[in-house]
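Visitor:
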Amino acid sequence: MATILIVDDNRAVCTALEVLFALHGLKTRACESPAAALQLLETEDIDLVIQDMNFRSDTTSGEDGIKLFRSIREVEPEMPVILLTGWTHLEHAVDLMRAGAADYLGKPWDDAKLITTVHNLLKLRQATRENHRLRSARCAVRTRVAGAFDLCGLVYESDAMHETVTLATRVAHADVPVLITGPNGAGKEKIAEIVQANSSVSDGPFIRVNVGALPAELMSAELFGAEAGAFTGAQKSRAGRFEAADGGTLFLDEIGTLSLEGQVKLLRVLQTGQFERLGSTQTRSARVRVISATNTDVRAGISAGTFREDLYYRLNVIELRVPALRDRADDILVTAQAFLDNAHRFSLEAERALLAYPWPGNVRELQNCVKRACLLAAGEIIQPRELGLPAVSERMAESAPSFVLPEPDRETVQAVLSRSGGVIASAARELGLSRQALYRRMEKFGLHKLE
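As structure tokens, this is what we get:
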């Protein structure tokens, strides 16, 4: 049951509110002084505060209420506070609402309106707490995974990426082929690195082959090696990628582009561990963990006759799906910040621009964007224009994930003000806010006295 704290030096007011809330199934606690209220907030779990604005019979200035409100915000920054007064001062109401007060009501109050406001604020309070709880739980789980496994420098926040990473670490020790699917630039190679780094052959070689970049006529020679004179220009014998990866892992990127001839040879190696160099009849063997990746629909290739079904099932013992960056908006900022050098950081406007863009090129595009911005930035703070992002069309904006940039917290605002020497214009520009918006946040966080 939610608990409401009533702070008023008039006992009759406390009693009236206690009766009203009891009729609606709400628990209340009452205090007649600001000191008692602050002490109770430290010892009990309070969900909402309703406070008077004057606690001395000889004043109607509201100064006591302002001081109590500011003290509550320092102790409980997200506590919903309803201000109640018999003496309405419009300037106080405006300032305190800007500073974070939930509502400002005059006495006598409207019971129906007050109950509706209280119920809405309690629902919001519960949702906020649940959101914090889920974020904390996810953070704890990610921390445990990062502590138990080598994530090869990967940073992420999204649940979608966490599922992929968790599965990758689970299957890493299993000596079975892994197929990683997902769009270009999404991070398939990074997932392959994680699988290899946590496998039983992590001390062995990790050989990467971009199958899509190899000419078809040289495919066999690259994968399996060639003897001298096997083809024009082959002046000496050389080992292929399978031999180089013996005792370790071979990562075959863009496997969907492999020719049918290459697929037959690859299938044999996967089944027997044996192969012949081009131009040789000597059978060789290698013990290799194969991880492959593709951005194509391999099943469609099977239907079209361009990819062997038996090879697909041999490669796809375990499939790891890497989602597109647009489908995991929680990862955009943490990934972009990981690409920053030590000399730069994003303004809030730049962060909003990063979140608004749909990133068709995924993580690779984001990395290039951040590197370019670091080179072009005139100062320490990267602004939206230096990101060089194209304008987001209405259609792209509609299809992009909805994500709200978190408000700057008290520590962030205070740090920016300190760096700017208290110059509001400079601090507001760095935070991506107008001066008026920065003033409101300074009031909210108690960074200067209310006028």
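Heads up, the sequence shown is in our numbering, so the first residue is 41 and it goes up one at a time.
Positions of the beta carbon are idealized from the N, C-alpha and C atoms, including for glycine.
#1: In three-state terms, what does DSSP make of Lys67?
#2: What's the gap between the Cα of Asp150 and the Cα of Arg366?
#3: Would you identify the three-state DSSP class for Ile90, choosing helix, strand or coil?
#4: DSSP beta-bridge partners for Asp293?
#5: What first and last residue would you give for the alpha helix (DSSP H) that runs through Thr375?
#6: If Lys276 and Ala270 are in contact, beta carbons under 8 Å, what's the gap, nearest whole angstrom?
#7: I'd like the span of the beta strand (DSSP E) that includes Tyr144, first residue to last.
#8: Just confirm the distance between the C-beta atoms of Gly244 and Leu263, as a whole number of angstroms; I'd bet it's less than 8 Å.
#9: What residues are listed by DSSP as bridge partners for Ser332?
#10: Starting from the Cα of Ala465, find the closest Cα among Leu406, Tyr479, Arg317 and give me that residue.
#11: How big is the Cα-Cα spacing for Met292 and Val218?
#12: Please tell me whether Phe109 and Ala142 are closer than 8 Å, where the distance is taken between their beta carbons.
#13: When the Cα atoms are used, what is the spatial distance from Gln311 to Ser325?
#14: Which parts of the region 185-230 are runs of the alpha helix (DSSP H), unbroken and 4 residues or longer, counting only runs that do not cross its ends?
#15: Give me whichever residues DSSP pairs with Thr323 in a beta bridge.
#16: Could you give the first and the last residue of the continuous beta strand (DSSP E) run that contains Thr346?
#17: Give the straight-line distance between the Cα atoms of Arg210 and Gly341, rounded to the nearest whole angstrom.
#18: Contact check, Glu389 vs Leu373 under 8 Å by CB: the rounded distance?
#19: If you compare alpha carbons, which of Ala376, Gln322, Ala468 is closest to Leu427?
#20: Looking at the secondary structure, which residues open and close the alpha helix (DSSP H) in which Leu406 lies?
#21: If we count the other Cβ atoms within 10 Å of its Cβ and call it buried at 16 or more, is Ser260 buried or exposed?
#22: Counting beta carbon pairs with one atom in the region 350-362 and one in the region 216-234, are three or more of them shorter than 8 Å?
#23: Strictly by DSSP, which residues pair up with Ile46?
#24: Between Asp87 and Ala42, which are expected to be in contact by the criterion C-beta below 8 Å, what is the C-beta distance as a whole number of angstroms?
#25: When the Cα atoms are used, what is the spatial distance from Ala468 to Arg475?
#26: To the nearest angstrom, how far is the alpha carbon of Ala188 from that of Ala237?
#27: So, for Val338: in the same chain, excluding its five sequence neighbours on each side, which residues have a beta-carbon less than 7 Å away from its beta-carbon?
#28: Is the beta carbon of Val121 sitting closer than 8 Å to the one on Val158?
#29: When the Cα of Leu306 is compared with those of Ala253, Gly319, Asp350, which residue comes out closest?
#30: Mapping DSSP to helix, strand and coil, what is Ala437?
#31: Are Gly146 and Thr125 close, meaning C-beta to C-beta below 8 Å?
#32: Return yes when the Cβ of Ala266 is within less than 8 Å of the Cβ of Ala274, no when it is not.
#33: Cα-Cα, which of Ile421, Gln423, Pro430, Leu487 is closest to Val453?
#34: Figure out for me which residue from Leu57, Phe246, Leu66 has the closest Cα to the Cα of Lys163.
#35: My assumption, with CB atoms under 8 Å, is that Leu161 sits in contact with Tyr144. Please give the rounded CB distance.
#36: Count the other C-beta atoms from every protein chain shown that fall within 10 angstroms of the C-beta of Gly193, then say buried if there are 16 or more, exposed otherwise.
Guide: Reading it off the structure:
#1: strand
#2: 47 Å
#3: strand
#4: Asn250
#5: 370-379
#6: Not really, about 10 Å apart at Cβ, beyond 8 Å.
#7: 143-146
#8: Not quite, the Cβ-Cβ distance comes to about 18 Å (not below 8 Å), so this is no contact.
#9: Leu219, Leu292
#10: Tyr479
#11: The amino acid occupying residue 292 in the given sequence is Leu; Met does not appear at that position. Between Leu292 and Val218, the C-alpha separation is close to 10 Å.
#12: no
#13: 11 Å
#14: 199-211
#15: Glu316
#16: No beta strand (DSSP E) contains Thr346, which DSSP labels as neither H nor E.
#17: 29 Å
#18: Not confirmed; about 13 Å, so no contact.
#19: Ala376
#20: 402-416
#21: buried
#22: yes
#23: Ala70, Ile90
#24: 4 Å
#25: 6 Å
#26: 12 Å
#27: Gly296, Phe347, Tyr352
#28: no
#29: Asp350
#30: Low local confidence applies: a pLDDT of 40 at Ala437 is under 50, so the model's placement there is unreliable, and no value is given.
#31: yes
#32: yes
#33: Leu487
#34: Leu66
#35: In fact, because the Cβ distance is near 13 Å, the residues do not count as touching under 8 Å.
#36: exposed
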